[in-house]
Every structure is written in C-alpha cells, then in structure tokens.
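Read through the structure below, which is laid out as structure tokens, and then see the notes.
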Amino acid sequence: MKVVEGLAELREARESLTKPVGLVPTMGTLHEGHLSLVRRAKSECASVGVSIFVNPAQFGPTEDLDAYPMDLERDLDLLAGEGVDLVWTPTAAEMYDSGYQTWVEVEELAQYLEGEIREGHFRGVATVVTKLFNSFQPDRAYFGQKDAQQSIVIRRMVEDLNFPIEVIVCPTVREADGLAMSSRNSYLSPEERRAAPVLYRALLAASQLFSTGEREADRLRAEMETVLATEPRARPEYASVADPATLEEQHGPIEQALLSMAVFVGKTRLIDNLMVGDK
Ligand code: PAF
3 MKVVEGLAEL
13 REARESLTKP
23 VGLVPTMGTL
33 HEGHLSLVRR
43 AKSECASVGV
53 SIFVNPAQFG
63 PTEDLDAYPM
73 DLERDLDLLA
83 GEGVDLVWTP
93 TAAEMYDSGY
103 QTWVEVEELA
113 QYLEGEIREG
123 HFRGVATVVT
133 KLFNSFQPDR
143 AYFGQKDAQQ
153 SIVIRRMVED
163 LNFPIEVIVC
173 PTVREADGLA
183 MSSRNSYLSP
193 EERRAAPVLY
203 RALLAASQLF
213 STGEREADRL
223 RAEMETVLAT
233 EPRARPEYAS
243 VADPATLEEQ
253 HGPIEQALLS
263 MAVFVGKTRL
273 IDNLMVGDK
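Per the working numbering, the sequence shown starts with residue 3, numbered consecutively.
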C-alpha cells in the first residue's frame, strides 16, 4: 500500500493504478462503516484508493474541527489490512493555500436539513469532493447512506459538473444495538452511549408505522418525536420526513420519504436516517 501526501506524488502514484479505480473519501478515524465502503470498492474495482483529510471547509466556526478525532497510524494499519492500493493524506495547506477562492455550491439540495443548521457545510463538502475527484480521478466513488443528504448533494454535483464518475452509496453500518457507526460516537460517555440508540429506535418506529399503512408525513414525524422524547439525554434538533428527491419537508400523504434526524446526546451531535417506500 502506497501512502502519499503531496499532490504531485498522488498524481504519479495514480498513474500506475489499474482501472477501474475506486475512491473512498474519508476524514479518517476509520470504523466498520468506512471499511464496508473499502470492501465494496475492492469487490468492484481493480484498484482502490482512500483519501484521509479532515476538511476544515465543512466545519462551522462553533463545530468540532479542533477536537475531531485523528489516529493516522491506526487508519493506515486498517487500510493495509483491507488491501488498499493507495492512500492520500493531503495537508490543509496544500488543499487550501492562502490565495484559495474557488467554491462549489449545490444550491437547492444543500439548503434543507443539515444545510439549514450547518451553514456552509455542503459548500465545504462539495468543494473538497470536487478537489478529491479532480486529483484522484476515480472511476467510482463510494459514500455511506448514513450521510444521506451528502450523498444526494454529491450525486447532483457529479451530474451537474459532468464528472465521469459513478457514485455508489452503501448501506449504513450499525452497532448491535442499532447505533449508526460514526467517528463522533467516540465522544459519547458510557451513559450517553447507552442513550444513543434512541435515534434508530425512533426511525424504526416511524418506518414500522409506514409499513402498517400510515402515509401522513406529520404522523410519521410525530412518531419519531415521541420516541426521541422518551430519552432524557437526547435533545433533538430536527426530525424530518422529506421528499428523497428534493429534500423538501413533507406534510400531506407520502409514498416515499427520507426519514432523518439530528439529535444531541450530551454535547455530541448525531445524525441518522432511513428510507421508507424505497422501490
Ligand atoms: O463523509 C465524510 O467523511 C466527508 O464529508 C467527506 C465526504 C470525506 C468530505 O470531506
């Protein structure tokens, strides 16, 4: 496994990869969720690259950029164990030099849900993913369903900007009690960790209601809110029933929806989602 930092080194190493090349973009602190993306990429591509970059541009001024967990040595061991061919660990100074001034914005899809609360977040994500794509030039790129809106925004961007890249979205990987894997789970105290599966329970309750025939978006949202309210450590920011194509909040009857939520458990902000009525 080759590990490179500079862009010139990356370009050179990339030249010797056999096509199709799969890329798994990450911010490090890898867990089973990331490794499931790597395994999927391995099963579908002749070569697999991983980028590890904690992208400052997608963190707001009051967010956890400085505290974001990082353990490069452990990450590299895990990736070597998965048979990854190339790892790129760019520096922030190289990604955004002092004169940096070009940004990618996906206008409408980035306004809702996470975008409404985390101002500028998707501008940071779309910009860095553009740079990763341009630098790495993968044929396929792998993202997790856990960040549902991110995947939707990136698909739109790939379509709009004619990237010759197939975006593959892989299922959320969960702990045995349903908690979606996330690097941020490491912030949770033992009590908070015990409280955290309430997100998945709330999503499941609404999804079960949908399977028994409930179609009113407001009732599905209320079901999620009721379950979240049973956990005193959980402080919901939103529980949403959105159109999976436009991400607009739904109120009448629905046939299909992205159920999603952002919930503080202690100081840690967790997100999760489930699709209902998926064909
Ligand atoms: O999902 C993530 O880890 C990040 O948002 C990504 C896609 C690597 C961009 O920084």
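Cβ atoms here follow ideal geometry from the backbone N, Cα and C, with glycine treated the same way.
Between the ligand PAF and the CB of P71, the shortest heavy atom gap is not smaller than 7 Å. Comparing alpha carbon positions, the residue from V278, G279, I256, R13 closest to N136 is R13.
With 6 Å as the limit, the residues whose C-beta approaches any heavy atom of the ligand PAF more closely are P27, T28, M29, N57, Q60, V127, V130, V131, D149, Q152, in sequence along the chain. Along the length of the stretch 90 to 114, whole beta strand (DSSP E) runs at least 3 residues long do not occur. Judged by DSSP in its simplified three-state form, I273 adopts strand. When the five nearest sequence neighbours on each side are left out, the beta carbons in the same chain lying within less than 7 Å of the beta carbon of I154 are those of L111, L249, in order along the chain. Per the C-alpha coordinates, the member of L211, R271, G8 positioned closest to E96 is G8. E11 and E121 have their C-alpha atoms roughly 34 Å apart.
Look at the stretch 169 to 245 and you find these whole runs of alpha helix (DSSP H), each 4 residues long or longer: 192 to 197, 200 to 213, 219 to 231. At least 8 Å separates the beta-carbon of G51 from that of D73. In the three-state reduction of the DSSP assignment, G117 falls in the helix class, which pools H, G and I. Taken in chain order, the complete alpha helix (DSSP H) segments of 4 or more residues contained in the stretch 131 to 164 are 150 to 162.
Taking 8 Å as the upper bound for CB-CB distance, S53 and L134 are in contact here, some 5 Å apart. Residue range 34 to 46 is occupied by the alpha helix (DSSP H) that includes K44.
Bridge partners of S53 according to DSSP: P27, W90. Excluding its 5 nearest sequence neighbours in each direction, E107 has C-beta neighbours in its own chain below 7 Å: R125, A128, listed in chain order.
A distance below 7 Å between beta-carbons, with the five flanking residues on each side excluded, links L37 to the following residues of its chain, in chain order: L80, E84. In this structure, the beta-carbon distance from A264 to I273 falls below 8 Å. If you compare the alpha carbons of M277, Q103, V6 with that of S209, the shortest gap goes to M277. For I167, the closest C-alpha among the options F138, E193, L181, A150 is that of F138. Closest in alpha carbon position to P199, among A207, G180, P71, V56, is G180.
Between R196 and A43, the beta carbon gap of about 33 Å keeps them out of contact (Cβ cut-off 8 Å). The DSSP-derived three-state label of F266 is strand.
Here the alpha carbons of G146 and L206 stand approximately 19 Å from one another. DSSP lists A244 as the beta-bridge partner residues of E251.
In the displayed model, A128 falls within a helix according to three-state DSSP. Residues of the same chain with a CB within less than 8 Å of the CB of D149, apart from the 5 flanking positions on each side, are I273 in chain order.
In this structure, V6 places its C-beta atom within 8 Å of the C-beta atom of W90. Rounded to whole angstroms, the gap between the alpha carbons of L115 and F61 is 16 Å.
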